[in-house]
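Going by the working numbering, the final residue of the sequence shown carries number 1495, and the count climbs one at a time with no gaps. For reference, the structure discussed in these notes is given below.
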Amino acid sequence: MPIEKHVTYCRICEPLCGLVATVENGRLQSLRPDPQHPLSRGQACPKGIAFTEIQNDPGRVLHPLRRNAAGEFEQVTWDQALEDIASRLRTIPHDEVGIYFGNPSAFSYSHALWVFGFANGLGTKHIYGPGSQDINSRFVASSLLYGSVAQLPFPDLPRTDFVLMLGANPLVSHGSAISAPRIKDQLSAIVRRGGRVVVVDPRRTETARAYEHVAIRPDGDAWLLLSLLHVLFSEGLVDKAAIARQSIGVALIRRAAAAHPPEKTETITGVPADDVRRLARDFAAAPSATAYGRTGSCLGRYATLVGFLIDVLTLVTGNLDRAGGTLFSRGVIPAEEIAERVGIATYAHSKSRLGGFPEVLGAYPAALMADEITTPGKGRLRALFVTAGNPVLSVPNGKALAEAFGRLDLLVSIDLYVNETNRHADYVLPATTWLEREDYPIGVTSASPTPFIQATEAVLPAYGEARPEWQIIDDIARRAGIGMFHLGPLRHLAGLTTKIPARLTPRPMMEALLRLGPHGDLFGLRRGGLNPRKLRENPHGIVLSEHAATGRLDQVLRHRGGKVRLDPPEIADELARLAPYADADFPLKLIGLRELRSHNSWHHNAPSLMKGNRRHSARINPADAAAAGIADGAPVRIRSRHGQIQTIALLTDDVGPGTVAVPHGWGHAGGSWELANKSGGANVNQLMSTAFEDIERLGGMAHLNGVPVTLEACEAEA
Ligand SMILES: Nc1nc2c(c(=O)[nH]1)N[C@H]1C(S)=C(S)[C@@H](COP(=O)(O)OP(=O)(O)OC[C@H]3O[C@@H](n4cnc5c(=O)[nH]c(N)nc54)[C@H](O)[C@@H]3O)O[C@H]1N2
Ligand SMILES: Nc1nc2c(c(=O)[nH]1)N[C@H]1C(S)=C(S)[C@@H](COP(=O)(O)OP(=O)(O)OC[C@H]3O[C@@H](n4cnc5c(=O)[nH]c(N)nc54)[C@H](O)[C@@H]3O)O[C@H]1N2
Ligand code: SF4
Ligand SMILES: [Mo]
């Protein structure tokens, strides 16, 4: 059998680096970086390369599994699984059926579309995802500022002179809410051309070490941003013309800033007032500047306010929607516009059954799931589909969620593994990997400083009996009599295709959207425009223009009057309630941390990523360790008001006194990832709260950063 080489791209995280897959006999032999990819140019990270081990993992689920009377999984046929699931679904009111779609679903257009279709067909409110542990506050900030909840403004890295980064560690994460391959090169280029990269982070991260670090106390960002604004307004450094041209309501911001001089906030933020003043002046004086926030800015108690103020800082210095500033996102397949058109780009159109939280893009806080299952009443969550997710490890208090699963009438998961979540399921259905499916990039590429598109065919036949998620979902929906695309607003989306076939499939839909999109060939009307053939002829991808477009504000704004709104009542309320918090019994603050060789919860079974006896550990300042009598490498118990975990202490002054950093996605006890289970560690989300008062009101964000904790020495676990 000949050895085949296939050009494709990685779909683990947002840069979508180019890869070349070597395939022999329908089996993956290796993955290598693609030197001909115009943007990633021969670069890929260890996770991308190690995906070979996941693709070929003997622990992968390759056949439908059903839990039997003894509580064990047994292999069944697809027909048995789908028929039983559908027949059980027919007995449950559709508004009591829920879906949790995990992070990998954002990297497959067909998966994402069919999840939306299924949710729409069910007409259920029980829609959950990682957004409430990740980025929904950013979307809500966009909704309040621009009236466009799907907007994801991003920093124009190739042209900027100054990037102020709050709560992001792109040297490890490779960039998020931005799709920028070789992001390290892009950041270094800013410095090389005389610009600056300033990283606001409680930990001296890999990115902070490489550039400039502003060490902030956990969850101090709202105060820091207000103080930066204070300096800008009080020293007359704002761009009055830009403010008048682009926005209304600046008085609220000016008032709030006036109340927060840096001298008053330095005890909260830990950032000396002089540093804040200098930073504000430098940001304003830079020829171009952009402020950018990522997960570290989204998981505190004022997440939406922080996201809002990040864009305000850019706007008042005249840097919004201009080269080198913050730009508005737009997909080659314009997901934002489509979402608006079909009516799924919504915020606060309805409230959750429990807690009254606003929906964000149709989804509710995942921290509510356990209570939604256990709290009686109409609309109780009775059946749950989990696709590409592991909420037992990724959302607050997974133990309570796992216990609540016992009260479900039906739990179905579509995954590659038996993980900590679906080991409790009635069915685990095997999904294809990204190498086993064709793809177009949507969503994650709309925030691209260099507009680019690459499409790929499947480079491998599905292993075992794995199927693409959309087919599984479609099959269940048809058997259960759930309307999918025939119902509701998504019919318009289907209507965008030229012909609606008897059974709608994702690919023609996507091809039509591509051809009708901003770079499309308009079915022949625009010469040289994109169509599937052109993508096939350019397997390494096509750079569509040197830079992302500027001057898009008018197209993005949905507020009446066509201006950015700086004084929405929601933000006025947040500013009014803004108060530092401390818990005398739990004097330290815990934050998250990502590692190069982990990816959320699902890469710990790849041997090459776990080499060197990698272990889970808490980064603790030596002063805090000494106070608690904890030695380097010794076991440590971490307690919060909501739970406790045990892990290993790693003493480092990368974190300041009072801050403890612990990665999430560990503490494995899954069914089929043996190495991961053996690797030990703890699920940090056992320390997190699901109480309504701890969920951020505007975005429904779980409080995962800046969580009050205390440390104690303990014995090693047996
Ligand atoms: N290797 C690897 N890459 C990944 C992932 C992974 O698990 N591993 N996950 C992917 C996913 S799903 C995402 S969403 C992205 C996330 O992408 P990033 O957000 O860039 O990644 P993080 O490393 O979580 O960076 C968040 C930073 O915020 C800091 N932080 C914590 N609390 C605060 C605070 O209160 N204020 C400020 N200013 N900073 C704070 C943390 O110390 C951390 O350095 O990464 C993606 N890429
Ligand atoms: N404390 C704390 N908690 C966090 C975070 C944090 O920073 N701190 N970060 C949050 C963030 S940003 C995120 S995105 C979430 C992630 O949270 P989740 O999305 O709930 O969990 P993952 O760990 O990404 O698990 C993904 C699952 O999908 C499976 N999978 C992988 N590829 C595919 C595929 O192609 N198809 C299917 N069907 N399944 C697949 C994997 O086997 C795995 O079981 O975690 C959040 N939780
Ligand atoms: S950085 Fe992300 S997209 Fe690139 S190879 Fe690594 S995991 Fe894949
Ligand atoms: Mo994420």
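Ideal Cβ placement from N, Cα and C applies to all residues, glycine included.
Buried/exposed call for residue i, threshold 16 Cβ in 10 Å
i       : result
Asp1051 : exposed
Tyr905  : buried
Gly1073 : buried
Cys794  : buried
Thr1275 : Confidence at Thr1275 is low in this model, with a pLDDT of 46, below 50, so its placement is unreliable and no value can be given for it.
Asn1390 : exposed
Arg1337 : exposed
Val968  : exposed
Asn946  : buried
Arg1130 : buried
Lys782  : exposed
Leu1488 : buried
Asp1088 : buried
Leu1299 : exposed
Reduced DSSP category for residue i - H, G, I as helix; E, B as strand; rest coil
i       : result
Lys1366 : strand
Lys1128 : strand
Glu1451 : helix
Gly1306 : coil
Ser1171 : helix
Val974  : strand
Leu1264 : Because the pLDDT of Leu1264 is 45, which lies under 50, any placement of that residue in the model is unreliable, and the number read from its coordinates should be weighed accordingly. In the structure shown, Leu1264 sits in coil (DSSP, three-state: anything other than H, G, I, E or B).
Thr1274 : For Thr1274, the pLDDT reaches just 49, beneath the cut-off of 50, and the residue's location in the model is therefore unreliable, although a value from the coordinates is still provided. Thr1274: coil per DSSP, three-state reduction.
Lys782  : strand
Tyr886  : helix
Asp1192 : strand
Gln1023 : helix
Tyr1358 : coil
Phe1105 : coil
Gly1047 : coil
Gln1248 : helix
Thr1233 : strand
Val991  : strand
Glu1012 : coil
Glu791  : coil
Gln832  : helix
Val1484 : strand
Beta-carbon gap between residue i and residue j smaller than 8 Å
i       : j       : result
Leu1464 : Leu1367 : yes
Glu1113 : Ala1100 : no
Asp938  : Asn1382 : no
His903  : Glu1149 : yes
Gly1339 : Asp1350 : no
Lys933  : Gly1102 : It should be noted that the sequence gives Asp, not Lys, for residue 933. Taking 8 Å as the Cβ cut-off, Asp933 and Gly1102 qualify as a contacting pair.
Ala1042 : Leu1003 : According to the sequence as given, residue 1042 is Thr; it is not Ala. For Thr1042 and Leu1003, yes; Cβs fall inside 8 Å.
Ala1257 : Leu866  : yes
Trp891  : Ile1259 : no
Asp856  : Gly1483 : no
Leu1104 : Val1053 : no
Val1221 : Ala798  : no
Leu941  : Phe1085 : no
Pro1228 : Ala1325 : yes
Ala1490 : Val1413 : yes
Phe850  : Ile789  : no
Option in the options with minimal Cα separation from residue i
i       : options                               : result
Leu1161 : Leu1145, Asp1186 and Val1093          : Asp1186
Gly1139 : Thr1436, Thr1091, Gly1476 and Gly1258 : Gly1476
Asn1462 : Ala1493, His1419, Glu1492 and Ser1223 : His1419
Val926  : Ile912, Gln806 and Gly1102            : Ile912
Tyr786  : Arg1414, Ile780, Val1205 and Gln813   : Gln813
Tyr988  : Val977, Thr868 and Asp996             : Val977
Val1189 : Pro779, Asn802 and Pro841             : Pro841
Ala954  : Gly1435, Pro1226, Ser882 and Leu1428  : Pro1226
Arg804  : Ala1018, Ala1453, Gly1241 and Ala863  : Gly1241
Ile1191 : Gly898, Gly1077, Val1109 and His888   : His888
Gly875  : Met1478, Glu1323, Arg1159 and Thr1429 : Arg1159
Ile1425 : Gly836, Ile1407 and Ala847            : Ile1407
| query | Could you name the residues, in chain order, whose CB is less than 5 Å away from a heavy atom belonging to ligand 3? | reply | Cys787, Ile789, Cys790, Pro792, Cys794, Ala821, Cys822, Lys824, Gly825 and His951
| query | What is the chain-ordered set of residues for which the beta carbon lies under 6 Å from any non-hydrogen atom of ligand 4? | reply | Asn880, Pro907 and Asp911
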